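Residue numbers (the working numbering), protein chains in the order written: chain C, 1 to 289; chain S, 290 to 584. Everything on this sheet refers to the single structure shown next.
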Amino acid sequence: MNAMTKTSRFPLQMAAAYLALSAFAVLTLIPFVYLFFSAIKSQDAFFSFVLWPTDGAWYNVDWDGFTLDHWHTLFFEAGILRATVNSFFLSSVTAVLATLFSAMGGYALAKYRFTGRGVATWLVLGSLVIPFALLIAPGYQLLYWLGLLDTYAGLILPAVAPAFGVYLFRQAFISSLPGALIEAARIDGCSDIRIFFQIALPMVRPMVGAFLLITYLGTWNNFISPQIVIQSAEKLPLSVFVAQLRGPYETQYGLIMAGTLVAVFPVLVLFLLLQRDFIAGLTAGAVKG
Amino acid sequence: MTSARQHPRWVPYFFLGPFLLIFAVFIAYPMILSAFMAFEQNAGPGVSEPVGIKNFTWLMRDPAFWTAVKNTTLFAAASVFIQLPASLGLALLLNNKQVRGRALWRMVFFAPVLVGLPFVAILAGLVFRTNTGLLNVTLHWLFGFDPEFAWLQEYVMLSLVIAAFWMYVGFNMIYFLAALQNVNRDLLEAAQVDGANAWHRFRNVTVPAIRPVAAFVVLLSLIGSFQLFELPYLMLNESAGPNDQGLTLVMYLYQQGFDRGDLGYASAVGWVLAIALFGFAIIQRFTSRQSEADV
């Protein structure tokens, strides 16, 4: 009897689940389709057709509605290549340094006993709750005094030692690096610096990968910091660059969408490929902490 | 830990050094600085004059500040009460082991957050346009919805909530999915055998197990919501929208600090915001401790 009700009720429940998931997936994906087609449509087609241009001869698709003009303008007039290189540079340097310094800090807190460790741990935990917004005004003043406005150092330096990262690595080292391993290496005459790079870091490789990705994406998509710190047009990263396209190319929506696609696409593909590591890092703090 | 004596004394300080240095210069010092700046009026960096608590009294009397408080609170409430339940719902659907292609579904729902806030905002600025925007065209085609519906002119907060929903619902789902792994399946089955219905199993077995992560996600959501800036700022073409309908606290801070150029006043706004967020963090700690005591 029990088995009967289970089998008869089961398909309906599953059908409802798939229906809900599919509806949600369509809602999630349509803006991507819109973004893609807007980026390769002419201005006329943008206003006439919401996705791809129709009423043509071939499967009802109007090929004349497509154009690569926006891409030509973006790369040869607006200079989006420069902004892309800037974004790559800023994100890579920030991600590598932030991961290195976070791992070093987390390692010290997890594996050494030293004077001031309690205070340092407290500082790390305490600064997790400092909101970024509180640092905007005084941070600008400080960068002005240090002569770091309109420089990449002014963007990178404040971002390379996030307390959040130190905390994540501290947890990772505590849970997955046995103290006996360090001791054995010391007995073999291995220096502490070498132990860190050759033994400790490889043991927390998943966290290294996840944190690289988190900081890379965070820097790539940061708007407010470069908006405030950078003034020279040639130094702008993609986030501010694409937003500013709306000045000179105000009503050229296709061009703005093409710019957005340039900014979004490489990162989207890279992260979807690596999403397993990325997600593991995101949830590590929540589930264990 | 006998090994502690075998390393040179400077080693831990060497490892912690970069963090401490950067923290002292770029976090601790600005924080202290802003406590002083909050009682000054600035006319450009370094040109300041003490004004006592006037920044705070002006703040309390500025209707724009209260508009920002109202909008920000509304957005935070929508995140917690609309977006997070939807995230949990999606997670529960995907947690069903009989659903096929779960990795693919998860990837699809997770994708929008990878687009990034500024680019979502720029995209949404076009999606919500009247007449030619994706949303109105689709709604008109499906339901005969008014294509002139002025999302970004008259329904700014609603537009922001929808755009944020699209971006974050799958992101928060990830946390709930991770939390659902902590649910004891034997307990669920035992409850089923004892005749507990789906709601009771959810309420008495699932909810207690995911509560700590849920509390964390709520806090994360509140912190993010209260610092909302890019989404309205870029969706509304670098403005607060008609009648400040999209003005948020951080946008107010930005306008005061950089458009009006008073970093002192902006610091005061920053402190008001920070104290609210500290409050949330303390409440979260308190309630999550209590729930641990319950279990």
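Positions of the beta carbon are idealized from the N, C-alpha and C atoms, including for glycine. Predicted, not measured: the structure shown is a model, and the values here were computed from it.
- The Cβ of residue 394 of chain S sits closer than 8 Å to at least one Cβ of chain C.
- Across the set S:362, S:391, S:476, S:577, the C-alpha of S:362 shows the shortest separation from the C-alpha of residue 515 of chain S.
- Counting along the chain, residue 337 of chain S sits inside the beta strand (DSSP E) bounded by residues 337-339.
- From the beta-carbon of residue 139 of chain C, the residues of chain S found nearer than 8 Å are 315, 319.
- Judged by DSSP in its simplified three-state form, residue 343 of chain S adopts helix.
- In the three-state DSSP reduction, residue 387 of chain S falls in the coil class, being neither helix nor strand.
- Contact of residue 239 of chain C with chain S by beta-carbon distance below 8 Å involves 405, 407, 408.
- Residue 112 of chain C and residue 219 of chain C have their C-alpha atoms spaced approximately 31 Å apart.
- Closest option to residue 317 of chain S, judged by alpha-carbon separation, among C:162, C:106, C:52: C:162.
- Minimum Cα-Cα distance from residue 357 of chain S among the listed residues S:324, S:562, S:481, S:295 corresponds to S:562.
- The beta-carbon of residue 220 of chain C is placed less than 8 Å from the nearest beta-carbon of chain S.
- Of all alpha-carbon atoms in C:32, C:24, C:277, the one lying nearest the alpha-carbon of residue 408 of chain S is that of C:32.
- Using a Cβ distance threshold of 8 Å, residue 98 of chain C and residue 215 of chain C count as a contacting pair.
- Interface criterion met: the Cβ of residue 556 of chain S is under 8 Å from a Cβ in chain C.
- Burial check for residue 495 of chain S: the Cβ neighbour count within 10 Å reaches 16 or more, so the residue is buried.
- The residues 106, 109, 110, in chain order, have a CB closer than 6 Å to that of residue 170 of chain C in the same chain once the five nearest residues on each side in sequence are set aside.
- For residue 478 of chain S, the uninterrupted alpha helix (DSSP H) run begins and ends at 474-482, by DSSP.
- Annotated as proximal: residue 448 of chain S and residue 417 of chain S, with beta-carbon spacing under 8 Å.
- The beta carbon of residue 466 of chain S is closer than 8 Å to those of 380, 383, 384, 395 in its chain, skipping five residues each way along the sequence.
- For residue 338 of chain S, the closest alpha carbon among the candidates S:298, S:526, S:552 is that of S:552.
- Within chain S, 304 have C-beta atoms less than 8 Å from the C-beta of residue 196 of chain C, given in sequence order.
- Under the Cβ criterion (8 Å, minimum of three pairs), the region 118-126 of chain C does not count as touching the region 268-278 of chain C.
- With contacts defined as CB atoms closer than 8 Å, residue 420 of chain S and residue 436 of chain S qualify as a contacting pair.
- Exclusion of the five residues before and after residue 239 of chain C leaves 223 as the residues of its chain whose Cβ lies within less than 6 Å of its Cβ.
- Straight across, the Cα-Cα distance linking residue 139 of chain C with residue 558 of chain S is about 14 Å.
- Contact between the region 442-457 of chain S and the region 511-525 of chain S is present, with at least three C-beta pairs closer than 8 Å.
- Residue pairing of residue 66 of chain C in beta bridges, as defined by DSSP: C:41.
- For residue 93 of chain C and residue 404 of chain S, the gap between their C-alpha atoms comes out near 21 Å.
- The contact set of residue 326 of chain S on chain C, defined by CB atoms closer than 8 Å, consists of 137, 138, 141 in chain order.
- Closest by C-alpha distance to residue 336 of chain S, out of S:545, S:538, S:550, S:302, is S:550.
- Contact annotation: the region 172-181 of chain C does not touch the region 226-244 of chain C, with fewer than three C-beta pairs closer than 8 Å.
- Contact between residue 244 of chain C and residue 43 of chain C does not hold, since the beta-carbon distance rounds to 20 Å and is not under 8 Å.
- Between residue 262 of chain C and residue 84 of chain C, the alpha-carbon positions lie close to 8 Å from each other.
- At a Cβ-Cβ threshold of 8 Å, residue 567 of chain S and residue 129 of chain C count as neighbours.
- Closer than 8 Å to the CB of residue 127 of chain C there is at least one CB belonging to chain S.
- Here DSSP, grouped into helix, strand and coil, assigns residue 295 of chain S to helix.
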